[in-house]
Ligand SMILES: Cc1ncc(COP(=O)(O)O)c(C=O)c1O
C-alpha cells in the first residue's frame with residue numbers, strides 16, 4: 002500500500018479544479034496577497050496536505066511555520082470542537098475566562114527566566130509585537146527602539162516600522178512610526194563589517210554602542226531592542242553563540258529592554274521551546290504566535306512582571322485570547338510536551354541540516370545551509386566566492402519543489418526555508434531532501 006505520509010501527484014500542477022479556484026481568486030482578492038505558487042488545498046493530516054485535485058504534498062512550509070503539531074492533530078481538533086460547543090467568545094480582556102488565564106500561566110512558566118511574568122494575548126504576531134512596542138515605551142518612558150536589517154516583525158504600523166527586510170513592506174506607507182533605528186544583524190555569511198567570527202569579537206554589537214548610541218540616539222532615550230533570535234523572513238539566519246548574550250549586556254548597561262520576537266522561532270521549532278534558550282539569554286519581553294495555536298490565530302506577549310506595568314484600559318483586544326484559540330493553544334502545548342516534539346525537532350532537524358550540508362558540497366548554487374532544529378535556511382548564490390545572490394534561482398527552486406510535491410517557502414532575497422510541522426519523521430525528512438536534490442539538479446541545469 003502507498004505511504005500516505007509522502008507526496009503523490011496525480012495531475013499536472015495546478016490541476017483542473019485548482020485552476021478554477023485560482024481564476025476566481027484573482028477577481029475577488031486583494032492584489033497585495035503575495036502568492037508563492039498555485040497550491041489549492043483541500044485537507045491535511047500531519048505533514049501532508051492534499052489539494053482539491055487529489056495531489057498529495059509533503060508540507061515543509063506549515064503555513065509559514067504555523068502547523069506545529071501537524072495539520073489537524075486529533076487532540077487539537079477535539080479541543081477546538083469541545084470549546085466551540087461550549088463557548089465561542091466572551092472577551093478575555095473584560096472577563097475572567099479560565100482558558101485565557103490557564104494559557105497565560107502555561108506561557109509564563111515556559112518563557113525564559115525564573116521570576117514572575119505576566120501575559121497579554123492577541124490574535125497575530127504583529128499584534129504581539131505592536132503590544133511589545135507600546136509596552137516598552139509605556140514602561141520606560143523612552144521613545145526610541147532599535148531593530149535589525151533583515152528583520153520582519155509584522156505589517157501593522159508599529160511592527161512594519163520595526164521591519165527592515167524588503168522595501169515593499171514600507172513603500173507607499175510612510176511616514177512610519179518615528180524613533181526607530183536599524184542596525185546590522187549578526188549575519189555572518191554576509192557580515193556587514195566584512196569580518197569573520199570569532200575573530201570579529203562580535204564587533205557588530207560594539208558598533209551599536211560606538212556608532213548609533215555614541216553619535217545619534219542617546220541611549221537613555223532607547224526603550225527597547227527588538228530581535229529575532231533566529232532571523233526568519235530575513236533568511237533564516239542563525240547568529241553566532243555569543244551574540245545575544247553580548248546584546249543583552251549592552252541593553253543592561255543602558256537600561257534598555259530586550260524584546261525577543263519568537264513569533265516564528267518559538268514553541269519548539271528550533272529544538273528548544275524558545276530559540277533564545279539556545280543562547281542562555283533571558284529577555285524582558287517575548288512575543289509568540291504562529292506555532293502556538295497549531296493554526297488557530299493566537300499570539301502572546303510575555304513580559305517580566307516588573308515590566309508589565311501599564312494600567313487597566315491602556316491596552317486590550319476584543320478577540321485576543323478567544324476561548325477557542327486558547328483551547329487550541331493549550332492542546333498544542335500538551336501535544337508538544339507529551340509527544341516530545343521539541344526533541345523531535347532537534348533530532349529530525351539535525352539530520353535534515355546534515356543531509357542538506359552534504360548536498361551543498363556537490364551543489365553549484367547552495368552557498369550556505371543553516372538552521373536550528375526544524376528552522377532551516379538554504380541560501381543560493383551564483384558564485385560561491387562573490388556570493389552573488391541567486392534570487393531567480395531560489396524562486397525557481399521553490400517552484401520546482403512544489404511541482405515535485407514538496408511545499409517550501411522562500412525567505413530573504415535568495416533563500417529557501419524549511420519549517421515543517423514539528424512532527425516530521427525521519428522518513429519524511431529524507432523524502433524532502435531527495436525531492437529538493439532533484440529540484441535543485443533541474444534548476445542547476447537551467448530548467449525548472
Ligand atoms: C518574527 C516575526 N514577527 C512577527 C511576524 C508577524 O506575524 P503575523 O503575520 O502573524 O502578524 C512574523 C510573521 O512572519 C514573524 O516572522
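Numbering (this note's numbering), first residue to last: 2 to 449.
Virtual Cβ for every residue (Gly too), placed ideally from N, Cα, C.
For residue 258, the enclosing beta strand (DSSP E) has its first and last residue at 258 to 262. Note that the region 180 to 195 touches the region 203 to 223; at least 3 beta-carbon pairs, one per stretch, sit closer than 8 Å. For residue 372, the uninterrupted beta strand (DSSP E) segment begins and ends at 367 to 373.
When the beta-carbon positions are compared, residue 133 and residue 260 come within less than 7 Å of each other.
A direct Cα-to-Cα measurement between residue 128 and residue 225 gives close to 17 Å.
For residue 124 against residue 298, the beta-carbon gap comes to about 5 Å, under 8 Å, which counts as contact. For the options 121, 425 and 442, the alpha carbon positioned closest to that of residue 364 is the one of 442. CA-CA distance, residue 151 to residue 266, rounds to 15 Å. Each residue's CA atom was taken as its position, placing residue 82 and residue 289 some 24 Å apart.
In this structure residue 121 touches residue 316 by the C-beta definition: roughly 7 Å separates them, less than 8 Å. If you draw a straight line from the Cα of residue 243 to the Cα of residue 201, it is about 11 Å long.
Burial check for residue 359: the Cβ neighbour count within 10 Å stays below 16, so the residue is exposed. In the structure shown, residue 268 adopts coil according to DSSP, grouped into three states. Within the chosen limit of 6 Å, ligand 1 reaches the beta carbon of residue 125 through at least one heavy atom. At least one heavy atom of ligand 1 sits closer than 6 Å to the Cβ of residue 153.
In the three-state scheme derived from DSSP, where H, G and I count as helix and E and B as strand, residue 32 is classed as coil. Of the other Cβ atoms in all chains shown, 16 or more fall within 10 Å of the Cβ of residue 15; this residue is therefore buried. The Cβ neighbour count for residue 21, taken over all protein chains shown within 10 Å, is under 16; the residue is labelled exposed. Only residues of its own chain outside the window of five on either side were considered, and among them 370, 372 and 377 have a CB closer than 7 Å to the CB of residue 354, listed in chain order. Within a 10 Å sphere around the beta-carbon of residue 174 sit fewer than 16 other beta-carbons, which makes this residue exposed.
Residue range 126 to 141 is occupied by the alpha helix (DSSP H) that includes residue 141. No heavy atom of ligand 1 is found nearer than 6 Å to the CB of residue 303.
For ligand 1, no non-hydrogen atom lies closer than 6 Å to the CB of residue 137. Note on residue 393: under 16 other CB atoms within 10 angstroms of its CB, so exposed under the neighbour-count rule. Linking residue 390 to residue 199 through their CA atoms gives a straight-line distance of about 24 Å.
The beta carbon of residue 233 sits closer than 6 Å to at least one heavy atom of ligand 1. If only uninterrupted alpha helix (DSSP H) runs of at least 4 residues are considered, those enclosed by the region 356 to 426 are 392 to 404.
The beta-carbon distance between residue 418 and residue 410, rounded to whole angstroms, is 5 Å. This is short enough to meet the 8 Å contact definition. By the criterion of at least three beta-carbon pairs nearer than 8 Å, the region 31 to 47 is in contact with the region 59 to 78.
Residue environment analysis places residue 172 among the exposed positions, since fewer than 16 neighbouring C-beta atoms fall within 10 angstroms of its C-beta. Around the beta carbon of residue 427, fewer than 16 other beta carbons lie within 10 angstroms, which makes this residue exposed.
Shown here for residue 337: same chain residues with a beta carbon closer than 6 Å to its own, the five before and five after excluded, namely 269 in chain order.
Inclusion of residue 381 and residue 357 in the CB contact set at 7 Å is not warranted, their separation being larger than that value. Between the alpha carbons of residue 116 and residue 307 lies a distance of about 9 Å. Residue state for residue 158 is assigned as helix, using DSSP reduced to three classes.
Here residue 57 is buried: its Cβ has 16 or more other Cβ atoms, across all protein chains shown, within 10 Å.
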